[in-house]
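Just so we're aligned: the sequence shown equals residues 856 to 1080 in my numbering.
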Amino acid sequence: MTSGTLVFFTHSVPGVKWEGCDADEYFDQLRALPSQFHPIVLCLHMHDIKTGFHKSLRRHGFPIVTAGNTSAHDFVDRFYRLVSKFSYASSQDWGSQTAYCVELGVPYFFYGPLPRLLNLSHKEMPLGLVDEYQDEDQRRYLDAARKLFIYPNVELTDEKRSFVAGILGLDSGMGPADVRKIIWREFFRNWRKWYLVPQALMMCGVRAVFAGKLEKIQKWRMRSS
């Protein structure tokens, strides 16, 4: 039985910091949501778990969960299992999880103030406060997404499904055979890089061997913290 709301907390990446996503007012707003949205659970990205940021959020009193390491072979399964336990999902703004939740059939809504992106040392962005739009295409789809998903627009409508289908390419009309053709075409087109294949296969094998052990270590570290 599903209930409550899974809130995807705005996550950091190395060298980048979000401002305005952890203000006390935001968590007060979450508490003030109508009863149909409770209980509310925070979902944190692995980067924020690794840095211990989750410890500073405990004072707000919300349960904290994570789908784990995004590179883990079972990450996708764990993500969808987690999301499927909730009646709603939310965040302060657009993220890839928005599209995945809607595709799964979970109503999604944007709630709370828009955070600001501050680049401290990431090489692929200008230093300092980063423009929320990277280009005009991103401006168009973000503006459209915000109009569709901003609270109290909670219902999972056909318009939202159609928007997400376009983002995920589900309406492309391509079948499995088309995808296979593209993959094999690119494989042969890049024959000069074939020497990297054995290396990639070896790394996949190493990850498969140690994935279970690393996950146990991470769980132990989380319990001890």
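By construction, the Cβ of each residue, glycine as well, lies at the ideal position given by its N, Cα and C atoms.
> Is it a yes or a no for the segment 956 to 965 touching the segment 982 to 990, going by three-plus beta-carbon pairs under 8 Å?
Replying inline: no
> If we ignore side chains and look at the alpha-carbon of each, how far apart do A927 and M1058 end up?
Replying inline: Taking the sequence shown and counting its residues from 1, the one referred to as residue 927 is at position 72. Taking the sequence shown and counting its residues from 1, the one referred to as residue 1058 is at position 203. Answer to the nearest angstrom: the Cα atoms are 13 Å apart.
> Out of curiosity, what's the CA-to-CA distance linking I919 and T953?
Replying inline: On the sequence shown, residue 919 is found 64 positions in, with the first residue counted as 1. On the sequence shown, residue 953 is found 98 positions in, with the first residue counted as 1. Going from the Cα of I919 to the Cα of T953 covers about 19 Å.
> Going by alpha carbons, who is nearest to L969 out of T857, T865, T860?
Replying inline: One-based indexing of the sequence shown puts residue 969 at position 114. Comparing Cα-Cα distances from L969 to each of T857, T865, T860, the minimum goes to T865.
> Where does A878 fall in DSSP's three states?
Replying inline: Against the sequence shown, residue 878 aligns to sequence position 23. In this structure, A878 counts as coil in the three-state DSSP scheme.
> From this set, D1026, V938, F1018, L973, which residue's C-alpha is nearest L959's C-alpha?
Replying inline: The residue you call residue 959 lines up with position 104 of the sequence shown. When only C-alpha atoms are compared, the closest one is V938.
> Straight-line CA distance for L1003 to K1015?
Replying inline: Position 148 of the sequence shown holds residue 1003. Position 160 of the sequence shown holds residue 1015. Approximately 7 Å, taken between the alpha carbons.
> Among all the DSSP beta bridges, which residues are the ones paired with V868?
Replying inline: Here residue 868 refers to the residue found at position 13 when the sequence shown is read from its first residue. Note: V868 is bridge-paired with V871 in the DSSP secondary-structure output.
>> Pop quiz: I904 and V862 are said to be a contact at Cβ under 8 Å. What is the actual Cβ separation, rounded to whole angstroms?
In response: Taking the sequence shown and counting its residues from 1, the one referred to as residue 904 is at position 49. Taking the sequence shown and counting its residues from 1, the one referred to as residue 862 is at position 7. Wrong, their Cβ atoms sit about 15 Å apart, outside the cutoff.
> I think G923 touches M901, with their Cβ atoms under 8 Å apart; what is that distance to the nearest whole Å?
Replying inline: What you label residue 923 is simply residue 68 of the sequence shown in a count that begins at 1. What you label residue 901 is simply residue 46 of the sequence shown in a count that begins at 1. The Cβ separation is near 6 Å, so the contact holds.
> Where L860 and L973 are concerned, what is the direct C-alpha to C-alpha distance, given to the nearest angstrom?
Replying inline: Counting from one through the sequence shown, the residue named residue 860 turns up at place 5. Counting from one through the sequence shown, the residue named residue 973 turns up at place 118. At residue 860 the sequence reads Thr, which differs from the Leu that was named. If I take the Cα positions, the gap works out to 28 Å.
> Taking the C-alpha atoms as reference points, what is the distance between F1000 and W949?
Replying inline: Against the sequence shown, residue 1000 aligns to sequence position 145. Against the sequence shown, residue 949 aligns to sequence position 94. Per the sequence shown, the amino acid found at residue 1000 is Ala instead of Phe. Each residue's Cα considered, the two are about 7 Å apart.
> Candidates P1007, T921, A1055: which alpha carbon is nearest F892's?
Replying inline: Against the sequence shown, residue 892 aligns to sequence position 37. Here the closest residue by C-alpha is P1007.
>> Here's the rule: buried if 16 or more other CB atoms are within 10 angstroms of the residue's CB, otherwise exposed. What is F882?
In response: Translated into the one-based positions of the sequence shown, residue 882 becomes position 27. F882 comes out buried.
> Per DSSP, what kind of secondary structure is T1012 in: helix, strand or coil?
Replying inline: Mapped onto the sequence shown, residue 1012 falls at position 157. Reduced to three states, the DSSP call for T1012 is coil.
>> If we require 4 or more residues per run, which alpha helix (DSSP H) segments fall completely within the segment 909 to 965?
In response: 930 to 938, 951 to 959
>> Rounded to the nearest angstrom, what separates G875 and V1034 at their Cα positions?
In response: Within the sequence shown, residue 875 is the residue found at index 20, counting from 1. Within the sequence shown, residue 1034 is the residue found at index 179, counting from 1. Approximately 41 Å, taken between the alpha carbons.
>> Going by DSSP in three states, S1028 sits in which element: helix, strand or coil?
In response: For the purposes of this step, residue 1028 is taken as residue 173 along the sequence shown, with counting starting at 1. For the record, residue 1028 in the displayed sequence is Gly; it is not Ser. Correct three-state label for G1028: coil.
> For L975, which of helix, strand or coil comes out of DSSP?
Replying inline: Position 120 of the sequence shown, counted from the start, is the residue given in the question as residue 975. Residue state, collapsed to three classes: coil.
> How many angstroms separate the CA atom of Y1050 from the CA atom of E1041?
Replying inline: Locating residue 1050 in the sequence shown gives position 195, counting from the first residue. Locating residue 1041 in the sequence shown gives position 186, counting from the first residue. Cα to Cα, Y1050 sits roughly 15 Å from E1041.
> Do you know how far the Cα of T1012 is from the Cα of A1032?
Replying inline: Within the sequence shown, the letter at position 177 stands for residue 1032. Within the sequence shown, the letter at position 157 stands for residue 1012. If I take the Cα positions, the gap works out to 31 Å.
>> Relative to the C-alpha of H977, which candidate in E991, S1017, W873 has its C-alpha closest?
In response: Counting from 1 along the sequence shown, the entry for residue 977 is found at position 122. That would be W873, whose Cα lies nearest to the Cα of H977.
> In whole angstroms, what is the alpha-carbon distance linking R1047 and P1053?
Replying inline: Position 192 of the sequence shown, counted from the first residue, corresponds to residue 1047. Position 198 of the sequence shown, counted from the first residue, corresponds to residue 1053. Pairing R1047 with P1053, the inter-Cα distance amounts to about 13 Å.
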